[in-house]
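Engineer: Here it is, the structure in full.
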Amino acid sequence: METWEKLTIHITEVDQWHGKPLHTAIVEAAQKHHLSGASVFRGMEGYGLRDHHTIHTARMFEMASALPILVILIDQAEAIAAFLPIVQEMVTAGLVIQETVNVVHRVPKSTATA
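In my numbering, the protein residues as written are -13 to 100.
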């Protein structure tokens, strides 16, 4: 079992960084810095402190709203520590959570052919 670090970044779909969606910019920056993994999840419904607990939802027939986005980054502690200042600069509204996680199963890219 390996101990790694995970960043969970809570933002919204309307957040931007230099003219592009913030979640895209974060994933691109993570890839540029060779982090082990990045995933983006779009929430169906949610609220937070930044909008005074207004519920944003993806229900049919409603206007588009600031739906929640989670960006999850994972790597060894040193890589996350080096990347964290970049995330802190990019995320001007939202929440960034850092957790120590146990990687219980990891399968490197296979060299076998199908």
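Where a beta carbon is used, it is the ideal one built from N, C-alpha and C, also for glycine. All of these numbers come straight from a predicted model, not from anything done at the bench.
#1: With respect to the alpha helix (DSSP H) encompassing residue 9, which residues constitute its N-terminal and C-terminal limits?
#2: On the three-state DSSP scale, how would you describe residue 24?
#3: When burial is assigned at 16 or more other CB atoms within 10 Å of the CB, is residue 87 buried or exposed?
#4: Using the Cα positions of residue -10 and residue 57, report the straight-line distance between them to the nearest angstrom.
#5: Going by DSSP in three states, residue 74 sits in which element: helix, strand or coil?
#6: Closer than 7 Å: is that where the CB of residue 54 sits relative to any heavy atom of the ligand NAP?
#7: Could you please give the first and the last residue of the uninterrupted beta strand (DSSP E) stretch that includes residue 4?
Structural biologist: According to the structure shown:
#1: 8 to 18
#2: DSSP places residue 24 in strand when its eight states are reduced to three.
#3: exposed
#4: Our two residues, residue -10 and residue 57, have alpha carbons roughly 17 Å apart in a direct line.
#5: helix
#6: Ligands displayed in this structure: none; no statement on the ligand NAP is therefore possible.
#7: No beta strand (DSSP E) holds residue 4; DSSP gives it neither H nor E.
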